[in-house]
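Chemist: From first to last, the protein sequence lines are chains A and B. 106 is the number that the numbering used here gives to position 106 of the first sequence; each next residue is one higher, with no gaps. Each position in the second sequence, counted from 1, maps to that position plus 1000 in the numbering used here. Ideal Cβ placement from N, Cα and C applies to all residues, glycine included. Next up is a structure, given as structure tokens.
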Amino acid sequence: MTNNIADIDNCKTMLVIGSNTTEQHPVIGTRIRRAVRKGAKLIVADPRGIDLANIATLHIRQRPGTDIALLNGLAHIILKEGLEDKEFIANRTEGFDEWRKTVEQYTPARVSEITGISVDDLFTAARLYGGNKPSTIFYAMGITQHTVGHNNVLAIANLAMLTGNLGKPGAGVDPLRGQNNVQGACDVGGLPNFYTGYQRVADDAARAKFEKAWDVKLPPTPGLTVGEMLQAAHDRKVKAMWIIGENVAMSDPDSRHVVESLNTLDFLVVTELFMTETAQLADVVLPAASFAEKDGTFTNTERRVQRVRKAVNPPGEARADWQILCDVANHVSRITNHGAAEWSYNSPSEIMDEIASLTPSYAGISFARIETKGLQWPVPTQDHPGTPILHTEKFSRGKGLFSAVEHQEPAETPDQTYPFTLTTGRILQHYHTGAMTRRVPGLETLAPEERVEVNPDDAARLGLNDGDWVRVTSRRGAVESRAWVTDRVGHGLVFMTFHYAEALTNALTNTAVDPIAKIPELKVCAVKVERASR
Amino acid sequence: MPISMTINGKAIQAKEGMSVLDACWANGVSIPTLCHHPDLTPMGACRLCVVEVEKMRGLVASCTLPVSEGMVVHTETPKVVEERKFVLEMLLSDHPNDCMTCEADGNCELQNAVYQYQVPWKPHKGKTHSYPVDGDPNPFVFTDFNKCILCTRCVRACAEIQGRNVWGVANRGFRDKIVAGADVTMLEAGCESCGACAAYCPTGALTDKSSRGSGRAYQMKKVTTTCVYCGVGCQFDLNVKGGKVVKISSNAKAAVNGMALCVKGRYGYNFIHHKDRLTKPLIKKDGAFVESTWDEALTLVAQKFAEAKGDSFAVLASAKATNEENYLIQKFARAVMGTNSVDHCARL
Chain A
1 MTNNIADIDN
11 CKTMLVIGSN
21 TTEQHPVIGT
31 RIRRAVRKGA
41 KLIVADPRGI
51 DLANIATLHI
61 RQRPGTDIAL
71 LNGLAHIILK
81 EGLEDKEFIA
91 NRTEGFDEWR
101 KTVEQYTPAR
111 VSEITGISVD
121 DLFTAARLYG
131 GNKPSTIFYA
141 MGITQHTVGH
151 NNVLAIANLA
161 MLTGNLGKPG
171 AGVDPLRGQN
181 NVQGACDVGG
191 LPNFYTGYQR
201 VADDAARAKF
211 EKAWDVKLPP
221 TPGLTVGEML
231 QAAHDRKVKA
241 MWIIGENVAM
251 SDPDSRHVVE
261 SLNTLDFLVV
271 TELFMTETAQ
281 LADVVLPAAS
291 FAEKDGTFTN
301 TERRVQRVRK
311 AVNPPGEARA
321 DWQILCDVAN
331 HVSRITNHGA
341 AEWSYNSPSE
351 IMDEIASLTP
361 SYAGISFARI
371 ETKGLQWPVP
381 TQDHPGTPIL
391 HTEKFSRGKG
401 LFSAVEHQEP
411 AETPDQTYPF
421 TLTTGRILQH
431 YHTGAMTRRV
441 PGLETLAPEE
451 RVEVNPDDAA
461 RLGLNDGDWV
471 RVTSRRGAVE
481 SRAWVTDRVG
491 HGLVFMTFHY
501 AEALTNALTN
511 TAVDPIAKIP
521 ELKVCAVKVE
531 RASR
Chain B
1001 MPISMTINGK
1011 AIQAKEGMSV
1021 LDACWANGVS
1031 IPTLCHHPDL
1041 TPMGACRLCV
1051 VEVEKMRGLV
1061 ASCTLPVSEG
1071 MVVHTETPKV
1081 VEERKFVLEM
1091 LLSDHPNDCM
1101 TCEADGNCEL
1111 QNAVYQYQVP
1121 WKPHKGKTHS
1131 YPVDGDPNPF
1141 VFTDFNKCIL
1151 CTRCVRACAE
1161 IQGRNVWGVA
1171 NRGFRDKIVA
1181 GADVTMLEAG
1191 CESCGACAAY
1201 CPTGALTDKS
1211 SRGSGRAYQM
1221 KKVTTTCVYC
1231 GVGCQFDLNV
1241 KGGKVVKISS
1251 NAKAAVNGMA
1261 LCVKGRYGYN
1271 FIHHKDRLTK
1281 PLIKKDGAFV
1291 ESTWDEALTL
1301 VAQKFAEAKG
1311 DSFAVLASAK
1321 ATNEENYLIQ
1331 KFARAVMGTN
1341 SVDHCARL
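Structure follows, in structure tokens:
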């Protein structure tokens, strides 16, 4: 998020696009509801009638995969109506005139045709976002999990720059990160192309810095992303893998392919709390400590680095990941004799000190400083108070660049054989592949099984009643579960979660990825829906 | 403009718009409250916070009285004490005398006030309420409205914190009661099971169901930590007793969320001590997992990893692991295994 969570109180208009906030980020969802209670305007752009749509000033249902057309269309109207922030554009941005030529092609009539949203609603949305400022945009995987995910985000940034909604209270571009520490895992280099703090592995100076700090020669070429690793395993280029706390056999697209890939490996190690679907495929499973059994830090979606504290001992011989990492690293080093010194960290606090020493945005962070309250990066020095709002004076690259992006259809669109669009996500009561939440009896009481959301008109045509068993089939697999007949989904759209192993939704999803972000198009694939014979 | 006033003979400065209660609290003068909570809109319902203000008639609820210039306040006069005792006597006349087994014992604001003013519980001859105990099927919130004092903190917490409006007050007079929706179940009224109502309840009327009987507030060690589910970064207190996490409670000082939590954050902790937890390293032999020692597992893992050194190896880090662990994972891939093939579920 460019802005902090508490800053929601300062928003006058909120555009929520591709985020089912009250279910996926419930406490941010409550902040949005509180802001609406106090008079803020809320635009929900979502193909589904999510909970927030009930209190929205305007709910627009774009056809899945048409966000660029929608966002360009809003920019088009904002320009037509003279609602753009001319001063911000002149002082803080570049590439405006070039970009303008593209959005001029996105007339309300054309955008309405592509997205399925009425021209009137497009005007209402544009006037609210561009006219009732400050405005902020919340988005999540509904924007990014597309083959145009990267361009979707650019289109959002364009809209925010056009209206000067960046670098000030109540404004912002606010991606909501899905997992407790997905922000932190990225920040500290859990990515194939970056060291900590987004320092590029391909950059000679950055690499030299880490080679010196770690006293070892480092590989200069970026590595593989998750999807590429699995494909490389399938192709026998990757022979051994270590999966730490992820259940890819359920969470990644095209589960059959994932399982085949992992089974092709010569050697798979999984570190886990439970015998997950992925752990079952391993050659060695190492028992890990849970968050309540170790010290450390998580970084949240507003870039706040906060303490995690050990409250109880791990069960049996389970150990914290950082301890397992040290042991494995030292064992391997002894065999390969690569010459680096033994890892001898005594505590997570020492590891954070090393992160801070190598990472400009974390330089001022230490366990002592975040003992009572977390700090929001960038924290460049020991006495820096942290940064609640980004880009107040300038952007990371200097001027904000308008990037022209064009609408492009999803990789798989409905056809005669697969006439429905499947979109996937999570629900309030469960989390990801359910390894934790499905072991909580009360959560199972609330949400015991998968329910495919089917529009009432579609259900009538298919002869389906609420609660009937349905079979959902894609080019990659088939899944059976009960139907929830509801107008939460529009015509031709079905929604499923990926929480339930017994209804393995990712057996259906598409592995097509965004060419830059390499993110799979989990939000759109084509399926067939029929009554199941049970 | 600061406002000058006098509290119990001491001259103090207060901010304009502040209540007398806040001015007292800010100056270290304690006043008991029940319906008041700093996060919620003041109500003036319970009358426990009454004070005497010179030149004002009768006693005034300090929570809804704004400060004014030259105000002279007395917070603990015999008249005030008598009134507070009366309020508490009235509440006790329709309140079960079962602190011994009450879930809220030790964490009950009514109990604290009754103790402070030494108001004895007496059997009541008149009409009392009788509501079903655990009368709502919500799996996480335990209701016992026999203990309700109609402070409406649950109503305000649901509306103002959670933004959900599940709770309301029905009827009038003695028949007043807290209801979910139009007197339906909590879930039917749109409850998201966040537990805010229980967290804000000053008595044992609304409590956490999954931790009932697992320990008194004063028996718990509280450890402040950050939630393991989504990316909001809510903080809360793990309540530990006998080496086990038996409950999660709100920590009002949490930077991001204050007292607010969602159903997973507040109640999704039973996996920690679940019987399915892995407790020993496992090595697959002839298709079946066999328990091993750490030494044996580490030796095997290191040997196989060493054989795959370079780009034949790949590692998945974890958005569930800490920053420190993820840092070591990528360092392991790059510095020890000689590959940049490290990624995690950022795209999923």
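1. Determine, for I17/A, whether the minimum Cβ-Cβ distance to residues of chain B falls below 9 Å.
2. For A232/A, would you say it is in contact with chain B, using Cβ-to-Cβ distances shorter than 9 Å as the test?
3. For A1199/B, which residues of its own chain have a beta-carbon under 6 Å away from its beta-carbon, when the five flanking residues on both sides are left out?
4. Which bits of chain B does S251/A rub up against, with CB to CB less than 7 Å?
5. In whole angstroms, what separates the C-alpha of E1103/B from that of W1294/B?
6. Looking at the structure shown, is C525/A part of a helix, part of a strand, or coil, going by DSSP?
7. Kindly list, in the order they appear in chain B, the residues whose Cβ is closer than 7 Å to that of S290/A.
8. Taking 9 Å as the threshold (beta carbon to beta carbon), is Y282/A in contact with chain B?
9. Check whether the Cβ of P1139/B lies closer than 8 Å to any heavy atom of the ligand GTP, and answer yes or no.
10. For W1167/B, does the three-state DSSP call read helix, strand or coil?
11. Tell me, please, whether the CB atom of H1299/B is closer than 9 Å to any CB atom in chain A?
12. Is S1068/B buried or exposed, if buried means 16 or more other CB atoms sit within 10 Å of its CB?
13. Of all the options G364/A, A341/A, T372/A and V27/A, which has the alpha carbon lying nearest to the alpha carbon of R309/A?
14. Can you pull the chain A neighbours of V1245/B, defined as C-beta to C-beta under 7 Å?
15. So is T473/A buried or exposed if we call it buried at 16+ other beta carbons inside 10 Å?
16. Roughly how many whole angstroms lie between the Cα atoms of I78/A and I43/A?
17. In the structure shown, what three-state DSSP assignment does A963/B receive?
18. State yes or no: is the beta carbon of A1319/B nearer than 9 Å to at least one beta carbon in chain A?
19. What does the alpha-carbon distance come out to for the pair E480/A and F498/A?
20. If you reduce the DSSP assignment to three classes, tell me which class A1104/B lands in.
21. Assuming H25/A contacts P410/A under a Cβ cut-off of 8 Å, what Cβ separation, rounded to an integer in Å, is found between them?
22. I believe I1178/B touches V1169/B by the beta-carbon criterion, under 8 Å. Please report the beta-carbon distance rounded to the nearest angstrom.
23. I need the straight-line Cα distance from T276/A to V248/A, nearest angstrom please.
24. Using three-state DSSP, classify Y418/A as helix, strand or coil.
25. How many whole angstroms separate the CB atoms of A1375/B and V285/A, which I take to be in contact at a CB cut-off of 8 Å?
26. Which partner residues of S1250/B appear in the DSSP bridge assignment?
27. With which residues is K1284/B paired in a DSSP beta bridge?
28. For the stretch 1206 to 1226 of chain B, list every residue whose C-beta sits within 8 Å of some C-beta in chain A, in sequence order.
29. Is any beta-carbon of chain B found at less than 9 Å from that of P26/A?
30. For a quick check, are the C-beta atoms of L504/A and S255/A less than 9 Å apart?
31. Here's a check: name, in chain order, each residue in its chain whose Cβ is nearer than 6 Å to the Cβ of A363/A, leaving out the five neighbours to either side.
32. Roughly how many angstroms separate the alpha carbons of N54/A and V1166/B, rounded to a whole number?
33. Can you name the residues that DSSP bridges to S1412/B?
34. Can you confirm whether E1324/B, when its beta carbon is compared against all beta carbons of chain A, has any partner nearer than 9 Å?
35. Check whether chain A comes within 9 Å of Q1013/B, counting only Cβ atoms and requiring the distance to be less than that.
36. Distance check for G1231/B and N181/A, CA to CA, integer angstroms please.
Modeler: The relevant details are as follows:
1. Mapped onto the first sequence, residue 17/A falls at position 17. No, I17/A lies away from the interface with chain B (no Cβ there is under 9 Å from its Cβ).
2. Along the first sequence, one-based indexing puts residue 232/A at 232. Closer than 9 Å to some Cβ of chain B, the Cβ of A232/A qualifies, so yes.
3. Against the second sequence, residue 1199/B aligns to sequence position 199. Result list for A1199/B: S1250 and M1259, in chain order.
4. Here residue 251/A refers to the residue found at position 251 of the first sequence. Near S251/A (Cβ distances below 7 Å), the residues of chain B are C1345 and L1348.
5. In the second sequence, counting from the first residue as 1, residue 1103/B sits at position 103. In the second sequence, counting from the first residue as 1, residue 1294/B sits at position 294. Distance between the alpha carbons of E1103/B and W1294/B is about 43 Å.
6. If you number the first sequence from 1, residue 525/A lands on position 525. Looking at C525/A - three-state DSSP - the assignment turns out to be strand.
7. Mapped onto the first sequence, residue 290/A falls at position 290. By Cβ distance, chain B contributes I1272.
8. For this step, residue 282/A is matched to residue 282 along the first sequence. Correcting the residue type first, residue 282/A is Ala in the shown sequence and not Tyr. Judged by the 9 Å Cβ criterion, A282/A is in contact with chain B.
9. Inclusion of the ligand GTP in the displayed structure is not the case, the ligand content being empty and no account of it being possible.
10. For the purposes of this step, residue 1167/B is taken as residue 167 along the second sequence, with counting starting at 1. Looking at W1167/B - three-state DSSP - the assignment turns out to be strand.
11. Numbered from 1 along the second sequence, position 299 holds the residue referred to as residue 1299/B. Per the sequence presented here, residue 1299/B reads as Thr, with His not at that position. For T1299/B, the answer is yes, since a Cβ of chain A falls inside 9 Å of its Cβ.
12. Along the second sequence, read from residue 1 onward, the residue named residue 1068/B stands at position 68. Label assigned to S1068/B: exposed.
13. Stepping through the first sequence from its first residue, residue 309/A is reached at position 309. Nearest option by C-alpha distance: T372/A.
14. Position 245 of the second sequence holds residue 1245/B. Going along chain A in sequence order, the residues near V1245/B (Cβ under 7 Å) are A292, A311 and V312.
15. Counting from 1 along the first sequence, the entry for residue 473/A is found at position 473. T473/A is buried by the Cβ-count criterion.
16. Position 78 of the first sequence holds residue 78/A. Position 43 of the first sequence holds residue 43/A. I78/A and I43/A: Cα-Cα distance of roughly 15 Å.
17. What the structure shows of chain B is the stretch from 1001 to 1348, and residue 963/B is not part of that stretch, so it cannot be assessed.
18. In the second sequence, counting from the first residue as 1, residue 1319/B sits at position 319. True, the Cβ-Cβ gap to chain A drops below 9 Å.
19. By one-based count along the first sequence, residue 480/A stands at place 480. By one-based count along the first sequence, residue 498/A stands at place 498. E480/A and F498/A: Cα-Cα distance of roughly 13 Å.
20. Start at 1 with the first residue of the second sequence, and residue 1104/B comes out as number 104. If DSSP states are grouped into helix, strand and coil, A1104/B belongs with coil.
21. Along the first sequence, one-based indexing puts residue 25/A at 25. Along the first sequence, one-based indexing puts residue 410/A at 410. Actually they do not touch by this definition, with Cβ atoms about 25 Å apart.
22. Counting from one through the second sequence, the residue named residue 1178/B turns up at place 178. Counting from one through the second sequence, the residue named residue 1169/B turns up at place 169. With 8 Å as the limit, I1178/B and V1169/B qualify as a contact, their Cβ atoms being about 6 Å apart.
23. One-based indexing of the first sequence puts residue 276/A at position 276. One-based indexing of the first sequence puts residue 248/A at position 248. Their Cα atoms are separated by approximately 10 Å.
24. Reading the first sequence from its first residue, position 418 is the one you call residue 418/A. Correct three-state label for Y418/A: coil.
25. Not covered by the structure: residue 1375/B. The range shown for chain B is 1001 to 1348.
26. As a position in the second sequence, residue 1250/B is number 250, starting the count at 1. For S1250/B, which the question treats as bridged, DSSP gives the partners F1236/B.
27. Position 284 of the second sequence holds residue 1284/B. DSSP lists F1289/B as partners of K1284/B.
28. K1209, S1210, K1221, V1223, T1224, T1225 and T1226
29. Working through the first sequence from its first residue, we reach residue 26/A at position 26. With 9 Å as the cut-off, P26/A counts as an interface residue toward chain B.
30. Translated into the one-based positions of the first sequence, residue 504/A becomes position 504. Translated into the one-based positions of the first sequence, residue 255/A becomes position 255. Closer than 9 Å, so yes.
31. Position 363 of the first sequence, counted from the first residue, corresponds to residue 363/A. Correct list, in chain order: A356 and P380.
32. Position 54 of the first sequence, counted from the start, is the residue given in the question as residue 54/A. Position 166 of the second sequence, counted from the start, is the residue given in the question as residue 1166/B. Near 15 Å, if we compare the C-alpha coordinates of V1166/B and N54/A.
33. Given a span of 1001 to 1348 for chain B in the structure shown, any question on residue 1412/B remains unanswerable.
34. Mapped onto the second sequence, residue 1324/B falls at position 324. Output row for E1324/B: interface = yes.
35. As a position in the second sequence, residue 1013/B is number 13, starting the count at 1. No - not a single Cβ of chain A is within 9 Å of the one on Q1013/B.
36. As a first step, residue 181/A must be located in the first sequence, where it is residue number 181. As a first step, residue 1231/B must be located in the second sequence, where it is residue number 231. The straight-line gap from Cα to Cα measures roughly 6 Å.
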